[in-house]
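Novice:
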Amino acid sequence: MARKKMRNIVDDARRVMDENMDIARFNNVLNSIEKIKEKYEFLNKNNERLEQTNIFLQNIVYALEKRNNELNEQISFLEEIINNMRIIVSIKDIKRRNLLWYNKNYQKILGYHHRELQELNCEEAVNHYHPDDYKMIQERDNIVRNIHSNSYSCVVRLKHVNGKWLKMRSDFYVLKRNSDGTASQAMEVMRAIEE
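Residue numbers for the sequence shown follow our numbering, so the first one is 2 and each next one is one higher.
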């Protein structure tokens, strides 16, 4: 009988322990669910903030695209005006001695096509100035080296694609300088002088 009682006590203890284990497991599951719920709420709030930020950035991108289109239209309009004037306008990289931008009048006035202009390097470009006028180009380069001199004007002769020399007024303007004061970009405006 004592043995039976002892077995009943042990069985009761096991049952209580098993029930407590199930309750402990259930509590662990509830705690995990609560943590997941908190993380979900945190992520949901972050997601809402990100969606608002995304909408804000989309509006900025739209506004920038619209402004960019307006600026491109204005640039096209200005290029059309410049191309219809009898002037050559170019933006130059002074250090590399190449053209960053130029209007179509190189072809209209001097006969040079885009490909020929792209192939020009500084030695070849020198050959397009009349040999007697190259001193003025050197003088111009020396003057614009001075940080206080941002423009230079002179009359030069440029070789037409057919070999003839055209007298041109050249107005040279420094647009950008490097941190050490040296000129990095310049604009040159040239117009033919009628003989």
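By construction, the Cβ of each residue, glycine as well, lies at the ideal position given by its N, Cα and C atoms.
Straight-line CA distance for Lys-38 to Asn-32?
Specialist: Roughly 10 Å between the two C-alpha positions.
Novice: When the Cα of Arg-97 is compared with those of Ala-184, Ala-193, Val-62, Arg-192, which residue comes out closest?
Specialist: The shortest Cα separation from Arg-97 among Ala-184, Ala-193, Val-62, Arg-192 belongs to Ala-184.
Novice: How many whole angstroms separate the CB atoms of Leu-176 and Leu-167, which I take to be in contact at a CB cut-off of 8 Å?
Specialist: So it is not a contact: roughly 25 Å between Cβ atoms.
Novice: Name, in chain order, the residues that DSSP records as bridge partners for Ala-193.
Specialist: The partner list for Ala-193 (beta bridge, DSSP) reads Met-169.
Novice: Would you say Ile-88 and Val-190 are within 9 Å of each other, going by their C-beta atoms?
Specialist: The answer is yes: Cβ separation under 9 Å.
Novice: How is Val-162 classed by DSSP in three states: helix, strand or coil?
Specialist: Looking at Val-162 - three-state DSSP - the assignment turns out to be coil, as it is neither helix nor strand.
Novice: Quick one: what does DSSP say Asp-133 is sitting in, helix, strand or coil?
Specialist: In the structure shown, Asp-133 sits in coil (DSSP, three-state: anything other than H, G, I, E or B).
Novice: Hey, quick one: how far does the beta strand (DSSP E) through Asp-181 stretch, first residue to last?
Specialist: Per DSSP, Asp-181 belongs to no beta strand (DSSP E) and is neither H nor E.
Novice: By Cβ distance below 6 Å, which residues in the same chain neighbour Met-188 in space, the five residues on each side in sequence not counted?
Specialist: Excluding sequence neighbours, Met-188 sits near Ile-92, Tyr-174, Leu-176.
Novice: State the DSSP-derived secondary structure class of Lys-105, mapped to helix, strand or coil.
Specialist: Reduced to three states, the DSSP call for Lys-105 is coil.
Novice: Starting from Ser-91, follow the beta strand (DSSP E) in both directions and report where the run begins and ends.
Specialist: Start and end: 88-94.
Novice: Consult DSSP for Asn-151 and reduce its assignment to one of helix, strand or coil.
Specialist: In the structure shown, Asn-151 sits in coil (DSSP, three-state: anything other than H, G, I, E or B).
Novice: Out of Asn-106, Arg-50, Ser-154, Asn-73, which one is the CA nearest neighbour of His-161?
Specialist: It is Asn-106.
Novice: Beta-carbon separation of Ile-138 and Val-156 under 9 Å?
Specialist: No; because the gap between Cβ atoms is not below 9 Å, this pair is not in contact.
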